[in-house]
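Data first, discussion second: the structure below is written as structure tokens.
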Amino acid sequence: MSHPIVLHHFNESPFSEKIRLIFGLKRISWCSVLISRTMPRPELMPMTGGYRRTPVMQIGADIYCDTQRIIRELERRFPTPSLFPGGAEGIGWASAMWTDRSFFQNTVNLVFGSLGARVPQSFIDDREKLRGAKFDVEAMRAGIPQMRDQYRAHLDWIESQLADLGDWLCGERAGLLDINAYMNIWYVRSNLEIADELLEDFSRVREWEQRMRAIGHGTRVEISSTKALELARDSMPQTAEMSDPLDPNGRKVGDLVDITPDDYGKIPVRGRIVASTAQTIAIARHDAAVADVVVHFPRAGFLIKSA
Ligand SMILES: N[C@@H](CCC(=O)N[C@@H](CS)C(=O)NCC(=O)O)C(=O)O
Numbered sequence: 078m079s080h081p082i083v084l085h086h087f088n089e090s091p092f093s094e095k096i097r098l099i100f101g102l103k104r105i106s107w108c109s110v111l112i113s114r115t116m117p118r119p120e121l122m123p124m125t126g127g128y129r130r131t132p133v134m135q136i137g138a139d140i141y142c143d144t145q146r147i148i149r150e151l152e153r154r155f156p157t158p159s160l161f162p163g164g165a166e167g168i169g170w171a172s173a174m175w176t177d178r179s180f181f182q183n184t185v186n187l188v189f190g191s192l193g194a195r196v197p198q199s200f201i202d203d204r205e206k207l208r209g210a211k212f213d214v215e216a217m218r219a220g221i222p223q224m225r226d227q228y229r230a231h232l233d234w235i236e237s238q239l240a241d242l243g244d245w246l247c248g249e250r251a252g253l254l255d256i257n258a259y260m261n262i263w264y265v266r267s268n269l270e271i272a273d274e275l276l277e278d279f280s281r282v283r284e285w286e287q288r289m290r291a292i293g294h295g296t297r298v299e300i301s302s303t304k305a306l307e308l309a310r311d312s313m314p315q316t317a318e319m320s321d322p323l324d325p326n327g328r329k330v331g332d333l334v335d336i337t338p339d340d341y342g343k344i345p346v347r348g349r350i351v352a353s354t355a356q357t358i359a360i361a362r363h364d365a366a367v368a369d370v371v372v373h374f375p376r377a378g379f380l381i382k383s384a
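Just remember that our numbering sits 77 ahead of the position in the sequence shown, which is counted from 1.
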């Protein structure tokens, strides 16, 4: 039986926008579960085992955490059109380490520094828990000049790539590199009145932004979080066992491990390894609310420890 593609997300989430655009690019029909921007998310946590970042993709009782892992699964299930129209697959994947970390942190500081007193205290409290550090809107505000310098440098890379290659960053159509980089422009555009000013000197980026926006989100149908929970509970995970004979730490199918993001939202998820490769790891868990699930993570950016 084939299960629907379900995305747990919120509309304002830039990482979710990446996935929505991939739905658009690949013309995928999907179910949307809108979650709150802050914790708690009582109907999602039984599925992820505590992983709290947004978005999460669910296909039956298989739960995909982190956009790297979600995108890999979408590319596997819907290979056409490819996210790598110009080849260069390695750099396409690796670009997330630029766009999701340094470029994104730059963008976050710019957005929240500019929003300043308009950021609700409840959001600040939640993001302090997420980061395990102060979410210091005042310091972000003070740092806006430096953040503008950095944002301009990131935009300049995109502009020069477009100058070399034409309409898209890595080939004749939009691909993963475009999706990853665009997230940070979408985020600024959605939040800041000064977006026009920030983008003023980058005419190619502005035209590319229009092309990106036109990709759309595929076909979206809303469902409730309760319905999604039922889908997980009434399905069996579909992940086949697969061991990685080259695992640098000798991990095997059946090993009990804790998997934790290495940057923020450092909540370990515990389970037994079902499948692993150089880029992915999947663990089996049981929860009274959803029965058996398999939770999937990427390897880059995550810490796997023996439990
Ligand atoms: N590396 C993660 C980062 C995701 C991320 O930081 N998402 C933001 C929302 S756009 C988040 O999780 N915020 C806290 C939350 O939603 O709990 C990914 O690629 O999915």
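Ideal placement from N, C-alpha and C gives every residue a C-beta, glycine not left out.
For H294, no alpha helix (DSSP H) segment is defined, and its DSSP state is neither H nor E. In the three-state DSSP reduction, T337 falls in the strand class (E or B). The three-state secondary structure of A138, taken from DSSP, is coil.
DSSP, reduced to helix, strand and coil, places W245 outside both helices and strands of the structure shown, so it counts as coil.
Taking 8 Å as the upper bound for CB-CB distance, D203 and T115 are in contact here, some 4 Å apart. In the displayed model, D364 falls within a strand according to three-state DSSP.
Contact between C247 and G163 holds, since their C-beta atoms are separated by about 5 Å, short of 8 Å. The three-state reading of DSSP puts V185 in helix, counting H, G and I together. When the five nearest sequence neighbours on each side are left out, the beta carbons in the same chain lying within less than 7 Å of the beta carbon of I256 are those of K95, L98 and I99, in order along the chain. With a cutoff of 8 Å on beta-carbon distance, D321 and T354 are scored as near each other. Separation of H80 and I168 (C-alpha to C-alpha, rounded to the nearest whole angstrom) is 31 Å. Excluding its 5 nearest sequence neighbours in each direction, D364 has C-beta neighbours in its own chain below 8 Å: P123, M124, G126 and V370, listed in chain order.
Excluding the 5 residues flanking it on each side, Q145 has same chain C-beta neighbours closer than 6 Å at A173 and P375, in chain order. Under DSSP, K382 shares a beta bridge with D335. Short of 6 Å from the beta carbon of E120, and not among the five residues preceding or following it, lie these beta carbons of its own chain, in chain order: S302 and L306.
Rounded to the nearest angstrom, the gap between the Cα atoms of V188 and K382 is 35 Å. Distances from the CB of F212 to the heavy atoms of ligand 1 are all 7 Å or more. A buried status is given to N186, since no fewer than 16 other beta-carbon atoms sit within 10 Å of its beta-carbon. DSSP places V110 in the uninterrupted beta strand (DSSP E) bounded by S106 to L111.
Set against 7 Å, the gap from the CB of Q145 to the closest heavy atom of ligand 1 is smaller. Our two residues, H231 and R288, have alpha carbons roughly 19 Å apart in a direct line.
In this structure, C142 and V330 do not form a Cβ contact; the two beta carbons are roughly 19 Å apart against a cut-off of 8 Å. The Cβ neighbour count for T176, taken over all protein chains shown within 10 Å, is at least 16; the residue is labelled buried.
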